[in-house]
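For reference, the structure is listed below as structure tokens.
Chains as they are written, first to last, in my numbering: chain L, 66 to 422; chain B, 115 to 625; chain C, 37 to 374.
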């Protein structure tokens, strides 16, 4: 019984519930929704579930990167644009190399895309950690610049390319599961291991919860902040690779457009607080899956997909309110706050009321 | 002779926070035309009382009266409307605005076309003139004048609203002697015009120079109200710390005067170390295995000195040597690398990492030393955690519990474990026994003695003089942000003698 | 150390007072420099026709910049203005097409904008949501709602009053096309600038905005109406976005679509920053933001006249300029602190 209670209290539990509900909704409309079949031409498995997994791969990547940035009390608004940059670099490289069957070309494209993404992320990190710009303005500028950079790389065109191995990323399968999804999960696992097997995850959380105390304990915030933004952009570039691999074309205006919304929503659903602090990689991953399911459900049910951004925005607002101390006070009916001037504190480290002398 | 009606009165007011009663049935009155000093140590309740009077805190019980009428403050604006003005330690003005605007903010002179700046600045000039500041140009930016003058500008605001009560909370912390004299002239002028002034400060000399009446609070309770002329410094201090003269004299030191080889290279030696606004340049030596106590009242500079030694703040002047070698310690990380650890005074703000577990809080500094890549092995972490949780009897005995759920005392114990885990050569403890139960207090004091015997140098900072006297081999005495004395502990050193040095009444005090 | 400042304004006092004007003056110099360059490179810049069409087409930007100035002065930000323009223009036009009175529809556009601002303001003030998160969410919400209403352009009826706002008023009839032509929309923009100036410099509420941006805790302790003021500035920003939508929709002949206004918040922020308002709040002038908008206008003119710079560079250039100015602000404020 207490196991059930703790399960209900884990943040991502409700994300998982959401996924189940959406799938149930779809199955209600079409009892064969969950069916897995075999595609006669390619010999690969096909089915709605597999579609969801496939489109979830890029979202999982940007959600993962956004998790750590938000954990440090920051934000990365440029992930959508960096996805476009990653896709643009890949397509341009492949189309220039013009080696339709070469795995070497694929690796070159991947390497360059991730490298450029990392550079852009490092710039963000430098602006935030060393110069001291607020994260939202720094990444907002990068969001703007990123689109421009993507356009410059492709000369304004929506470059397409042919490369069989690269195409496999989104269209291939491993053990029946889409390759991009499998790769995404592998990356998630690897990064989760790095975060928890080294002290990096701990330090990120520490900085997000109480930067002052962390500094007094000997942690240096700068390198960690730079790492976090670099990682976010590199992962966004990989997400871009997954996206363009599906159709082997990059859309310099459309690729990654408004995906930062998805990333933030996934992280918030997954239980990481926007105020920073403890993060949940599993939560963000489930959040990403929920968003992928939601996107597909909207299309499947015939609802105009134009409605989803508005719906997502409302969900973010509701979740942010739930995280707000004020709402918690109102809901729990706590005694009226002592201090009438300062709005309630949202930093968990200072949740115990100060006893001022 | 009966006293005139109080301009403001606090009757049987109590304010309780979770876990602590900050004000316990306190009554207090402010008479017109008087400077009334409010005195008390840490945890006394001064700040809470002021916040209740200024509309920041809601009171749980009791009443606040202004001019005889009961008030129910709902905001700072309502307190101001009732005639109470407050000037805080940090100048609470807007440095991005002009002097005149700061004076008149919220009360600018308006005409049919909105704010009339010419008339507003003229009014500001008039008010400033009444404060002896008529030479200031109201249109100049606030940032162009010194903090001292900004403080006076903040006080001028009270004149705009024609306040009857002026509360000054630590107004002289950043002022030099000349600026304090200017401030006091202004205060006297206001007092003579009938304003009731509540003056909060820990600078004893100033209290005796300016105040007519003194109220002492201790542990949230009212101790007494005295005329300044009828209370001497030693009596005042003993009322503040809660020990009468006799028992102060009795609290002798039990320590044997240790044989200390003063020619050995000190673990840490600081020459002329200081920081503008925080601490006047000071010399200090700390030897291996020595327990040095920093004694002084609140705000005397003890924490500031510790922070400079650790690297939490950067020194403006002076050189520091560790084991004889000159070093520059510019960050806590550097301090830890040099074998120095600092347990901060305010565990909530820069001590605990609230959402992290006890285990993570204990091993955090050790981990930070090793860097992010090399995780401290689980076995070592378990050993460390078990050692310190047992040594200090941390309750509840669950290393995975988030530290913010622990009581203050247990949090303090966990933090102590964090610093000891780094095996420092010099451990700076800032108020380590504040908010801790009696049993654990003794335990911590024992630990300090043990550590020193094992060769660790310890700096022990505490407001409780008897603690400092009991534990230290040598006591550094600070007052008003500078070192005023240093005594080697011995049978003739008592809490009372320390108090006299602080009060400045003892002969043989070193300046 | 006893700085008893002399009574007459010192050179130092004057210098410090005017230091906050420096960036604005620099922006003015930049603007003039760009115009001169354009004149020399492409000709026909100092030309009533060119100038007036530039001013008229940038009227919406100026209005957005004014609203953004007020918000940024308080230490906040409003990322939703572009999306609010899209929503209000689409919904307004659709209301007109549905038979609602043309003038009422215009008023409603402004009201809708104000409503978005109200929600953002409440989230920020009473629920301590950070401004960029709250307005980011509003941005996605407004954009999403606009797309829900229509993904294809909608057109206002030919006789809709809104078109009147774009009527050309020939002020000066010069030779050939060298006429000084202004529109009611431009005049509205001028009114907005004047009203904002009065608000910020002649009302207590406006001074409260500066106080909040300078030191919010001080403003609280001084008894200023912080909560009320903060919510109102976000309402103002939203309402001005609605007004900008009205003018823009009129300018483009009554056409509205959900992709309008993408990136406009960036332009507004850039205009504000270039004009000398500190992103951290407390310092700045609305007139400076007008200059900033003009700098952007000049930039746009140079790029269009010089066919060689491709449109995709525009976003990079705007972003770079914004970044440069933000960095400059940071360097200057750091030096001032030391």
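The beta carbon of each residue, even a glycine, is placed where N, CA and C say it ideally should be.
How is the alpha helix (DSSP H) around residue i delimited, first residue to last?
i                      : result
residue 294 of chain L : 286-312
residue 22 of chain C  : Here chain C covers residues 37 to 374 and nothing more, so residue 22 of chain C does not appear.
residue 283 of chain C : 262-287
residue 300 of chain B : 291-306
residue 244 of chain B : 231-244
residue 247 of chain B : From DSSP, residue 247 of chain B is part of no alpha helix (DSSP H); its letter is neither H nor E.
residue 246 of chain L : 244-262
Just to confirm the assignment, what range does the beta strand (DSSP E) spanning residue i have?
i                      : result
residue 116 of chain L : It is not in any beta strand (DSSP E) - residue 116 of chain L instead sits in the alpha helix (DSSP H) that spans 113-136.
residue 397 of chain B : 393-400
residue 388 of chain B : 382-389
residue 611 of chain B : Careful: residue 611 of chain B lies outside any beta strand (DSSP E), inside the alpha helix (DSSP H) at 609-617.
residue 279 of chain B : 279-283
residue 596 of chain B : 596-602
residue 216 of chain C : 216-218
residue 588 of chain B : 588-593
residue 502 of chain B : Element bounds for residue 502 of chain B: not the beta strand (DSSP E) but the alpha helix (DSSP H), 492-505.
Can you find a CB in chain C that lies within less than 7 Å of the CB of residue i?
i                      : result
residue 246 of chain L : no
residue 212 of chain L : yes
residue 229 of chain B : yes
residue 8 of chain L   : Residue numbering for chain L in the displayed model covers 66 to 422; residue 8 of chain L lies beyond these limits and cannot be assessed.
residue 388 of chain B : no
residue 345 of chain L : no
residue 120 of chain L : no
residue 258 of chain L : no
residue 150 of chain L : no
Between residue i and chain L, is there a C-beta pair that is closer than 7 Å?
i                      : result
residue 310 of chain C : no
residue 184 of chain C : yes
residue 447 of chain B : yes
Our contact map puts residue i next to residue j with C-beta atoms below 8 Å; I'd like the distance itself, whole angstroms only.
i                      : j                      : result
residue 370 of chain L : residue 307 of chain L : Not confirmed; about 20 Å, so no contact.
residue 409 of chain B : residue 582 of chain B : 5 Å
residue 423 of chain L : residue 155 of chain L : Nothing can be reported for residue 423 of chain L: it is not among the residues displayed for chain L, which extend from 66 to 422.
residue 249 of chain C : residue 111 of chain C : 4 Å
residue 289 of chain C : residue 121 of chain C : About 16 Å; that fails the 8 Å criterion.
residue 136 of chain C : residue 293 of chain C : Incorrect: roughly 19 Å between the Cβ atoms, too far for contact.
residue 174 of chain C : residue 116 of chain C : 4 Å
If you measure from the beta carbon of residue i to each beta carbon in chain B, is any gap under 7 Å?
i                      : result
residue 292 of chain C : no
residue 227 of chain L : no
residue 263 of chain L : yes
residue 287 of chain L : no
residue 335 of chain L : no
residue 257 of chain C : yes
residue 60 of chain C  : no
Complete runs of the alpha helix (DSSP H) confined to the region 87-141 of chain C [at least 4 residues]: Whole alpha helix (DSSP H) segments, 4+ residues: 95-109, 117-133.
ask   = What residues from the region 183-196 of chain B come within 9 Å of chain C, judged by C-beta to C-beta, listed N to C?
value = Going along the region 183-196 of chain B in chain order, one finds 189, 190, 191, 192, 193, 194, 195 with a Cβ nearer than 9 Å to chain C.
Exercise. Would you mind listing the alpha helix (DSSP H) stretches within the region 291-355 of chain C that are 4+ residues and don't spill past its ends, in chain order?
Key: Within the region 291-355 of chain C, the complete alpha helix (DSSP H) runs of at least 4 residues are 300-310, 322-341.
Could you name the residues of the region 359-380 of chain L whose beta carbon sits closer than 8 Å to any beta carbon of chain C, in the order they occur along the chain? Listed in sequence order: 369, 371, 372, 373, 374, 375, 376, 377, 378, 379.
Which whole runs of the alpha helix (DSSP H) in the region 150-233 of chain L are 4 residues long or more, in chain order? The qualifying runs are 168-191, 200-219.
Which whole runs of the alpha helix (DSSP H) in the region 512-564 of chain B are 4 residues long or more, in chain order? Runs found: 522-535.
Jot down the residue ranges of each uninterrupted alpha helix (DSSP H) in the region 417-447 of chain B, minimum 4 residues, whole runs only, in chain order.
For the region 417-447 of chain B, not a single whole alpha helix (DSSP H) run of length 4 or above is found.
- Query: If contact means a Cβ-Cβ distance below 8 Å, which residues of the region 485-514 of chain B contact chain L?
  - Reply: Cβ contacts with chain L: 485, 486, 487, 488, 489, 490.
Taking only runs of the alpha helix (DSSP H) that begin and end inside the region 124-185 of chain B, which ones reach a length of at least 4 residues, in chain order? You should have 160-167.
### Query
For the region 263-279 of chain L, which residues have a beta carbon sitting closer than 8 Å to at least one beta carbon of chain B?
Correct list: 263, 264, 265, 267, 268, 270, 271, 274, 275, 277, 278, 279.
task = Anything in the region 282-311 of chain L with a Cβ closer than 7 Å to a Cβ of chain C? List those residues in chain order, please.
result = Result list empty, no residue passes.
Fill in: Interface residues of the region 225-248 of chain C facing chain B [CB-CB below 7 Å]
Under the 7 Å Cβ criterion, the region 225-248 of chain C contributes 234, 238, 239, 240, 243, 246, 247.
What residues from the region 356-369 of chain C come within 8 Å of chain L, judged by C-beta to C-beta, listed N to C? Answer set for the region 356-369 of chain C: 356, 358, 359, 362, 363, 366.
Given a limit of 8 Å on CB to CB distance, which residues of the region 458-475 of chain B reach chain L?
Of all residues in the region 458-475 of chain B, 458, 462, 463, 464, 465, 466, 467, 468, 469, 470, 474 have a Cβ within less than 8 Å of some Cβ in chain L.
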